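**Student:**
Protein chains: 4
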Amino acid sequence: MPTRREIAAFEAGIKLGALYHQFVGSPVSASTAESLERAIEESISLQPYVIGVTVRINRQRLAENIFGYSELSGSMITAEVQVEYEGEVVRARLEHDPNTGYPMMRLV
Amino acid sequence: MPTRREIAAFEAGIKLGALYHQFVGSPVSASTAESLERAIEESISLQPYVIGVTVRINRQRLAENIFGYSELSGSMITAEVQVEYEGEVVRARLEHDPNTGYPMMRLV
Amino acid sequence: MPTRREIAAFEAGIKLGALYHQFVGSPVSASTAESLERAIEESISLQPYVIGVTVRINRQRLAENIFGYSELSGSMITAEVQVEYEGEVVRARLEHDPNTGYPMMRLV
Amino acid sequence: MPTRREIAAFEAGIKLGALYHQFVGSPVSASTAESLERAIEESISLQPYVIGVTVRINRQRLAENIFGYSELSGSMITAEVQVEYEGEVVRARLEHDPNTGYPMMRLV
């Protein structure tokens, strides 16, 4: 039997995996990043056990193509989700790791 | 050689296909539909040749699951994109067809 | 500090969230379900710590539209991922819950 | 009223937009690229009016992350769709443009 804390960690993982693979690829620019941040936060906040979500798209990492926009990639996103399962609260974070270039997800 | 109007129609198709397959599956509810509408509109408006996008998520068609939200499906979306390619303007529409249940895309 | 088992559970959650939100919405039919199952399995198996993935698309739940195909939805998928993090092995499952209609994800 | 050829071009655009935004972000490597190519081809071939689809993931452009895989991006894909609408056949292509770095879609 998993512990409540393991279940909370599992649920946090689901949210970051969902957030990432649902929205990566969306066209985005400096002028539209804010509406995308809000939409992602509100969307993921609906999922089970979520008590907090913050999403920040790093404007410095937006690389404009010839048509003046980018596509959202993992390396542009800093996100944190907080989930509560039967009293156990877990926070997890998605953040670009500058050493490896990998969009790392971890429990915090 | 395609005509300018054929190219404009092609570009309009790209936008509706992109809009649909990028955002279908996103968690959504009556209280978050508006932020998702805005984000989709702003995101797709960045793509080449787009001069207008409107997205409406049909609140009547949101079917709540046991956790009180829905996932965005094609049948919930009414969207219209307007593209201009070298002076040729084309409008295209995504709309649930009540007779067939299919989320129909067409030039208008 | 999270335990190794909590991290393994977290990683398993990421994989199910990713699998779901990457591939839901894909056109699918009885004749193409197998190639989609293989592609999803192979794709998710690349993610960190995964030691096993099985994906089954329920042919009974494919609901043909007027053009003779379906779009992959959560309720059609049974998936299991196995992850190993520093010796701790965790299995997690995505499966349609017939009582609630919800595509439930859980640790097993 | 759009011409049949404009409608065919529109339909071809839908398919490329769908293909791109459904599958971009999928984990992929040299050893799994083939199953993903087949799944994309079979999936998109189900959509209305499609009479041919070929998808090629450019192995040279797979850029391994620290865990030994990539995520599918537009610049890795060469795809061609052929659609027929009321006797009018249109081909369209998605291909990385080496001059601009943009994953260009065009009628051919």
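Residue numbers (my numbering), protein chains in the order written: chain A, 5 to 112; chain B, 5 to 112; chain C, 5 to 112; chain D, 5 to 112.
Using N, Cα and C, we set each Cβ at its ideal position, and we do this for glycine too.
If you're wondering where the values come from, they're calculated on a predicted model, not measured in any experiment.
So does the stretch 63-78 of chain A actually touch the stretch 22-34 of chain A, counting three or more Cβ pairs closer than 8 Å?
**Tutor:** Segments in contact, yes.
**Student:** One question on the structure: do Y89 of chain D and A22 of chain D come within less than 8 Å of each other, judged by their Cβ atoms?
**Tutor:** Their beta carbons are not under 8 Å apart, which means Y89 of chain D does not touch A22 of chain D by this criterion.
**Student:** Tell me, which residues are paired with H100 of chain A by DSSP?
**Tutor:** DSSP output for H100 of chain A lists A:P107 as bridge partner(s).
**Student:** Measure how close the beta-carbons of V85 of chain B and V54 of chain B come, nearest whole angstrom, since I'm counting them as under 8 Å.
**Tutor:** With a Cβ gap of about 6 Å, V85 of chain B and V54 of chain B count as contacting.
**Student:** Counting only C-beta atoms, is S47 of chain A closer than 8 Å to chain B at any point?
**Tutor:** Yes - at least one Cβ of chain B is within 8 Å of the one on S47 of chain A.
**Student:** Cutting at 6 Å between CB atoms, please list the residues of its own chain near M109 of chain C, excluding the five before and the five after it.
**Tutor:** These residues qualify, in order along the chain: L20 and L98.
**Student:** Three-state secondary structure (DSSP) at E88 of chain C?
**Tutor:** Three-state DSSP puts E88 of chain C in a strand.
**Student:** According to DSSP, is E75 of chain D helix, strand or coil?
**Tutor:** Looking at E75 of chain D - three-state DSSP - the assignment turns out to be strand.
**Student:** Could you tell me whether the Cβ atoms of G78 of chain A and Y24 of chain A are closer together than 8 Å?
**Tutor:** Yes, the pair counts as a contact, with Cβ atoms nearer than the cut-off.
**Student:** Where does G56 of chain A sit, in a helix, a strand or coil, going by DSSP?
**Tutor:** Residue state, collapsed to three classes: strand.
**Student:** Rounded to a whole number of angstroms, what is the C-alpha to C-alpha distance between A43 of chain B and L50 of chain D?
**Tutor:** The alpha-carbon atoms of A43 of chain B and L50 of chain D are separated by roughly 29 Å.
**Student:** Is there a Cβ from chain B that is less than 8 Å from the Cβ of G17 of chain D?
**Tutor:** It does: the Cβ of G17 of chain D has a partner Cβ on chain B nearer than 8 Å.
**Student:** E15 of chain D to V93 of chain D, Cα distance in whole Å?
**Tutor:** If I take the Cα positions, the gap works out to 11 Å.
**Student:** Please give the ranges of any beta strand (DSSP E) in the stretch 8-65 of chain B, keeping only runs that are unbroken, at least 3 residues long and fully inside the region.
**Tutor:** The stretch 8-65 of chain B contains these whole beta strand (DSSP E) runs: 54-61.
**Student:** Could you list which residues in chain A have their beta carbon closer than 7 Å to that of Y73 of chain B, in chain order?
**Tutor:** Result: L50.
**Student:** Under a Cβ-count criterion, where at least 16 other Cβ atoms within 10 Å of its own Cβ denotes burial, should G56 of chain B be classed as buried or exposed?
**Tutor:** By the 10 Å Cβ count, G56 of chain B comes out exposed.
**Student:** What residues from the stretch 83-99 of chain D come within 7 Å of chain B, judged by C-beta to C-beta, listed N to C?
**Tutor:** Residues A96.
**Student:** Closest to A83 of chain A by CA distance: which of A:G29, A:E41, A:V59 and A:E46 is it?
**Tutor:** Looking at the Cα atoms, A:V59 is the closest of the given residues.
**Student:** Kindly list the residues whose CB is nearer than 7 Å to the CB of N62 of chain C, restricted to its own chain and excluding five residues on each side of it in sequence; keep chain order.
**Tutor:** If we look at N62 of chain C and ignore the five residues flanking it on each side, its Cβ neighbours are M80 and T82.
**Student:** Using a 10 Å radius around the Cβ and a threshold of 16 neighbouring Cβ atoms, would you call G72 of chain A buried or exposed?
**Tutor:** Exposed, since its Cβ has fewer than 16 Cβ neighbours within 10 Å.
**Student:** Could you check if I48 of chain C is buried or exposed, using at least 16 other CB atoms within 10 Å of its CB as the buried criterion?
**Tutor:** Buried: at least 16 other Cβ atoms inside 10 Å.
**Student:** Kindly indicate which residue of A:D101, A:H100, A:N103 and A:A96 has the alpha-carbon position closest to the one of E10 of chain A.
**Tutor:** When only C-alpha atoms are compared, the closest one is A:A96.
**Student:** Please report how far the alpha carbon of S39 of chain C lies from the alpha carbon of E75 of chain A, in whole angstroms.
**Tutor:** Their Cα atoms are separated by approximately 27 Å.
**Student:** Find out if the Cβ-Cβ distance for the pair V28 of chain A, G17 of chain D is shorter than 8 Å.
**Tutor:** Not in contact: V28 of chain A and G17 of chain D (Cβ atoms no closer than 8 Å).
**Student:** Residues of chain B with CB under 8 Å from L40 of chain A, in chain order?
**Tutor:** In chain order: A43, E46 and S47.
**Student:** Per DSSP, which one or two residues make a beta bridge with I81 of chain B?
**Tutor:** In DSSP, I81 of chain B forms a bridge with B:I61.
**Student:** From the DSSP output, which residues share a beta bridge with V93 of chain B?
**Tutor:** Answer by DSSP bridge pairing, in chain order: B:E88.
**Student:** When you compare each of B:P102, B:G91 and B:T7 to I70 of chain C by their alpha carbons, which one comes out closest?
**Tutor:** If we check each option's Cα against that of I70 of chain C, B:P102 comes out closest.
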